[in-house]
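Scroll down for the structure; my scribbles are underneath it.
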Amino acid sequence: MAEQSAGLPRFVVQRHRATGDHFDLRLEVDGALVSWAVPKGPTLDPTKRRTAFRVGDHPMEYFHFEGVIPEGSYGAGDVVVWDTGTWELRKADEPRAALEAGELHAELYGEKLRGRIALVRRGGLGDREQWLLVHKRDEHAVEGWEPLDHPRSVLTGRTNEEVLADRDRLWRSDLPAAEAEVHLKPSESEVSDSLDALDELGAQGTWHVFGRDLKVTNLDKVLFPGRDDEPPVTKRELLRYAAAIAPTALPFLQGRALNMRRHPDGAETKGFWHKQRPDHAPDWVGAWDNPDADEGETSTYPVMDEPAAIVWAAQFGALEWHPWTSRTDQPHRPTYALVDLDPGEQTSWEDVLVLARLHRTAFEHVGVRAVPKVTGRRGIQIWVPVRRGPSFDDTRAWVEQLSRTVGAVVPELVSWKWEVRSRGGKARLDYTQNAINRTLVAPYSPRAAAGAPVSAPITWEELDDPALRPDGFTIRNVLDRIAEHGDLFRGALQQDQVLPRLG
Ligand code: MN
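The sequence shown finishes on residue 503 if you use full-length UniProt numbering, and the numbering steps up by one all the way, no holes.
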């Protein structure tokens, strides 16, 4: 058997599910990856001839990339390292000359692919040459061998489905290769190292966080007054929280436009909506051009595709993070239906709990998974993950029907009038939030109020806990809660439900 030897150039085959499912065969040649997209994939079966489209050379940085290429980037989809090893040129002395001549013979020393292959150009000269890929009849040939029968990564043992479902790495093909790979799940020690680095900065400086350099300013400025007898919260403490919470909060923000609630002079000053991605944002802060924007409206939104982007938003004075209910690739198709229990002036916390418990019963009754959170202000919201398909009109109508049924049980608590003055101080069950570019605060987002309260996920059982408060969780205690209970909002990430017809 041919032995893999040191010093040979390397090869990789990535299974890449993008617009179409295919395999990318890449051979290391002179410090670049010469590449072919092979729709049916390479095989050990010598009776099969596989079409292979030559695509542009890829940078060596991409060699062992396994993860997700986000929406909006070239090649958006998921990637596993399906095979890798070394290769050796045969029947020629120089690989570039063989490529030029349109005929390349190679010996592969991979984990799945072994033995002699030939790549022969058939036509389509230009930027999408068509080649044929065959496996020779040798001692490694196996008739009937199909790549999709061997789907797992040779690096991690995962399938493409598993990589997509539990994202840990991104490839941002819009950035230079050296900056393109992003780690979404930094280890605890990486996070604590960067928190230490923040503590060591003076009032400003460059903070290296999640692999990015971020210019941070006014670190000792007070952004939130203290609550009760606690000390006030400085910008440094907010940035520290943003970095610590980013790995947990990111899945709720990723791939979505972000509407920022900015209070650059602190929670006690008047805030304002900021939806535009500022031109001075670092290039690794994602951007999305809203195709529906009318003249004079915000057209380019920031997108939080990586943990450092959340820290950037906090540095930019965004004290609250409000992601869109839809993702940027299908902005008219929500991934959540939202129930917003919005208290009026006369609504007590007990009244909010009554409304939340009635909704709990309603969701149990219709068999729909829904996850509640306190807002960090006075209310409770319930997020219902849905499979994409229904429009905002559909989800709004569904939530309205559900909430009107609930509201009819306690008419003394609820008003269906929209003007604050005509509501008589009663609560509003605000189904109108189910509309494009209408947003609710993200789980784990701080709120612009004394003590830096946080919109925190809760369990349904906690509605019966007399200690529960709508603003009881803060940037100072919510991380301990996550350490103890995990992320109680994870159920919202499984966006697979079809809303049933309500009787
Ligand atoms: Mn590809």
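Backbone N, C-alpha and C fix where the C-beta goes; we use that ideal spot for every residue, glycine too.
Model, not experiment: these values are computed from the prediction.
The DSSP-derived three-state label of Pro247 is helix. Pro151 is a Cβ neighbour of Arg15, given a cutoff of 8 Å. Between Leu353 and Leu429, the CB-CB gap reaches or exceeds 8 Å. Taking 7 Å as the cut-off, one finds at least one heavy atom of ligand 1 near enough to the beta carbon of Asp24.
Secondary structure of Val420 (DSSP, three-state): helix. Assigned with DSSP and collapsed to three states, Lys136 falls in coil, not helix or strand. Residue pairing by DSSP leaves Val285 without any beta bridge partner.
Considering only Arg54, Glu484 and Thr335, the residue with the shortest C-alpha distance to Ile436 is Thr335.
Gly491 sits in a helix when the DSSP states are folded into three classes. The beta carbon of Gly226 sits no closer than 7 Å to any heavy atom of ligand 1.
The beta carbon of Tyr74 sits closer than 8 Å to those of Ser173 and Asp174, all from its chain and outside the five residues before and after it, given in chain order.
For Arg360, the enclosing alpha helix (DSSP H) has its first and last residue at Trp349 to Val366.
With a cutoff of 7 Å, Ala257 does not count as near ligand 1, since its C-beta is closer than that to no heavy atom of the ligand. The nearest non-hydrogen atom of ligand 1 is 7 Å or more from the C-beta of Gly424.
For the pair Gly20 and Gly123, the Cα-to-Cα distance works out to about 22 Å. Short note on His16: C-beta closer than 7 Å to some heavy atom of ligand 1.
Counting every other CB atom within 10 Å of its CB across the protein chains shown gives His58 a total of 16 or more, marking it as buried. In terms of Cα proximity to Arg388, the closest of Val339, Ala408 and Ser326 is Ser326. Per DSSP, reduced to three states, the secondary structure at Leu170 is strand. Straight-line measurement puts the Cα of Gly157 at about 29 Å from the Cα of Leu89. In terms of side-chain proximity, the C-beta atom of Ala37 is found nearer than 7 Å to a non-hydrogen atom of ligand 1.
Ranked by how close their Cα comes to the Cα of Ile458, the residues Leu468, Ala449 and Gly451 have Leu468 in first place.
Burial is judged here by how many other beta carbons sit within 10 angstroms of a residue's own beta carbon; Ala6 has fewer than 16 and is exposed. Relative to the Cα of Thr328, the nearest Cα in the group Asp229, Tyr301 and Glu462 belongs to Tyr301. As a beta-bridge residue in DSSP terms, Trp131 pairs with Ala52 and Arg121. If you draw a straight line from the Cα of Leu402 to the Cα of His64, it is about 49 Å long. With respect to Leu25, Ser35 sits close: the two C-beta atoms are nearer than 8 Å. A distance criterion of 7 Å places the beta-carbon of Gly56 beyond contact range of ligand 1, judged by its closest non-hydrogen atom.
Using a Cβ-Cβ distance cut-off of 8 Å, the region 281–289 and the region 309–321 are in contact, since at least three pairs of beta carbons, one from each stretch, lie closer than that value. Sixteen is the threshold: when 16 or more other Cβ atoms of the shown chains lie within 10 Å of the Cβ of His140, as they do, the residue is buried. Bridge partners of Gln330 according to DSSP: none are assigned.
Judged by DSSP secondary structure, Thr86 falls within the beta strand (DSSP E) whose first and last residues are Gly77 to Arg90. Where Thr405 is concerned, the enclosing alpha helix (DSSP H) starts and stops at Phe392 to Gly407. Counting the other CB atoms within 10 Å of its CB gives Trp131 a total of 16 or more, which places it among the buried residues.
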